[in-house]
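Let me begin by presenting the structure, written as structure tokens, before commenting on it.
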Amino acid sequence: MNIMNNKVLLSGLITILIISLMGFGSPKDVKAKDVKAEGTSKSSDFVIEDGVLKKYKGSATEVIIPDGVIEIGGGEALANNGLNYNNTITKVVIPDSVTKIGMCAFYMSSGLSEINIPENVTTIGQGAFSDCDSLSEIRIPESTTTIGMEAFSFCRNLSKINIPESVTTIGGNAFLGTPWLKAKDAESDLVIVNNILISARNAKGEVIVPEGVTKLAGSSMSFSAIIKVTLPESLIEIGGSAFTSCGKLKEVYMKDNVEVIGDYAFEQCKSLEVLQLSNKLTEIGDIFSRC
9 MNIMNNKVLL SGLITILIIS LMGFGSPKDV KAKDVKAEGT SKSSDFVIED
59 GVLKKYKGSA TEVIIPDGVI EIGGGEALAN NGLNYNNTIT KVVIPDSVTK
109 IGMCAFYMSS GLSEINIPEN VTTIGQGAFS DCDSLSEIRI PESTTTIGME
159 AFSFCRNLSK INIPESVTTI GGNAFLGTPW LKAKDAESDL VIVNNILISA
209 RNAKGEVIVP EGVTKLAGSS MSFSAIIKVT LPESLIEIGG SAFTSCGKLK
259 EVYMKDNVEV IGDYAFEQCK SLEVLQLSNK LTEIGDIFSR C
């Protein structure tokens, strides 16, 4: 998926989530699976093509995904695969054969309170568990390297998350709206996980990002009250929308190791006066939209 498609999906997800917060479109209003719940899933409940679980057709409260499945969901954005938009499922058992949990795989599965992510999973896709309100704890295995944009966003009871050192990519707003991130934000103005700055929403004034940080996750500093930011020598990548709507931001100083600046990085930064760019940039998006 290219950056523009990600931007479109981000806008769509954010719109849905904001409406949900306002109370006009909560997950409980979605007609997910208005059928009588049964006990445990059956093998005939699943549509599997080339190792990809495309559809769950059952109505069980406990779903046991068949062994041999390699990827869960990951089809068209926001498409209903039977596991997402579901208020019946409370428990999912994922086999060790799964290596990828795809885009929106369990999105708005509001009753889901128990799920295992097996040791072979390398990727948790964009919006995979977004709006799973009943999740309170998640353990990410040491095999995982990528957590997609909004992967766990607005899981309103998710307070315990284990993120191993193997994770090298964390997408924008991956944990937005979770008690876990709110607690981290309360502890520090800069929330850093595995050398990735994932949140600076409470930062203000002059900010010096510490040496060792290699990436600014997408949207990590957006909507903050920062005025001046100095980035470290170690920084290589600035994610999309990293500084979006930082209305007071005037000065940004980056060193020469930054190679990538994502789309909309400085969108609506209308006070920006000084931007010192790296001379090693290999990829730069539409960074000044609506400035």
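The opening position of the sequence shown corresponds to residue 9 in the numbering used here, with each subsequent residue numbered one higher. Virtual Cβ for every residue (Gly too), placed ideally from N, Cα, C. Quick caveat: nothing in here was measured; it's all calculated off a predicted structure.
Between residue 282 and the set 231, 77, 236, the nearest pair of CA atoms involves 236. Take the alpha-carbon of residue 204 and the one of residue 292: they are about 19 Å apart. In the three-state reduction of the DSSP assignment, residue 259 falls in the strand class.
When Cβ pairs closer than 8 Å are counted between the two stretches, the segment 211–222 is seen not to touch the segment 144–155, the count staying below three. Assignment of beta-bridge partners to residue 170 by DSSP yields 147.
Shown here, residue 189 sits in a helix according to DSSP, grouped into three states. With a cutoff of 8 Å on beta-carbon distance, residue 89 and residue 64 are scored as near each other. It is roughly 29 Å from the alpha-carbon of residue 216 to the alpha-carbon of residue 134. DSSP lists 54 as the bridge partner or partners of residue 64. Secondary structure in the segment 192–273: the beta strand (DSSP E) runs of 3 residues or longer, each lying completely within the stretch, are 199–201, 204–207, 212–216, 233–238, 259–261 in chain order. The alpha carbon of residue 258 has as its nearest neighbour, out of 104, 207, 233, the alpha carbon of 233. Residue 252 is classed as buried because its beta carbon has at least 16 other beta carbons within 10 Å across all chains shown. DSSP places residue 77 outside both helix and strand once states are collapsed to three, so it counts as coil. For residue 291, the three-state secondary structure derived from DSSP is strand. Within the model, the alpha-carbon separation for residue 191 versus residue 52 is close to 43 Å. For residue 282, the three-state secondary structure derived from DSSP is strand.
Distance from the Cα of residue 166 is smallest, within the candidate group 246, 255, 147, 298, for 147. Bridge pairing for residue 48: 70 [DSSP]. The beta carbon of residue 79 lies closer than 6 Å to those of 60, 108, 110 in the same chain, with the five residues before and after it left out.
Annotation: residue 272 to residue 160 spans about 22 Å, alpha carbon to alpha carbon. Here the alpha carbons of residue 70 and residue 244 stand approximately 43 Å from one another.
Secondary structure of residue 109 (DSSP, three-state): strand.
Residue state for residue 102 is assigned as coil, using DSSP reduced to three classes. Residue 57 counts as exposed, since fewer than 16 other C-beta atoms from the protein chains shown sit within 10 angstroms of its C-beta.
By the C-beta density criterion, residue 290 is exposed, having fewer than 16 other C-beta atoms within 10 angstroms.
Of the candidates 212, 183, 101, 183 places its Cα closest to the Cα of residue 201.
Residue 132 and residue 101 do not touch by the CB rule: their CB atoms are close to 17 Å apart, not below 8 Å.
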